[in-house]
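In this note's numbering, the protein residues as written are 1 to 75. One structure is given here, and the rest of the page talks about it.
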């Protein structure tokens with residue numbers, strides 16, 4: 001699967017534009033991380049930019065999720 005197809009799949013899954021998905025990927029996140037960032041944002045109500053900021057500060061995504069509030073299924 002190419003980058004555009006992956007971006008399109010993430011966009012469809014989270015209700016964002018392909019451009020937004022590709023922009024997150026362009027920030028050095030893997031596609032799995034992009035999905036986790038979007039899931040944390042969606043479930044916690046925190047802006048995506050804030051979740052990325054916390055991740056870029058050196059926190060693991062698990063720690064970011066804990067800081068943003070409990071997220072079912074994030075072990």
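Where a beta carbon is used, it is the ideal one built from N, C-alpha and C, also for glycine.
Candidates the options: closest to residue i by CA position
i, options, result
"residue 18", "56, 7 and 64", "7"
"residue 21", "30, 28 and 10", "10"
Residue i and residue j closer than 9 Å at C-beta
i, j, result
"residue 55", "residue 29", "yes"
"residue 43", "residue 69", "yes"
Separation of residue j from residue i, as counted between CA atoms
i, j, result
"residue 13", "residue 66", "23 Å"
"residue 38", "residue 31", "11 Å"
"residue 36", "residue 1", "19 Å"
"residue 48", "residue 58", "16 Å"
"residue 46", "residue 52", "10 Å"
"residue 60", "residue 3", "24 Å"
"residue 26", "residue 64", "20 Å"
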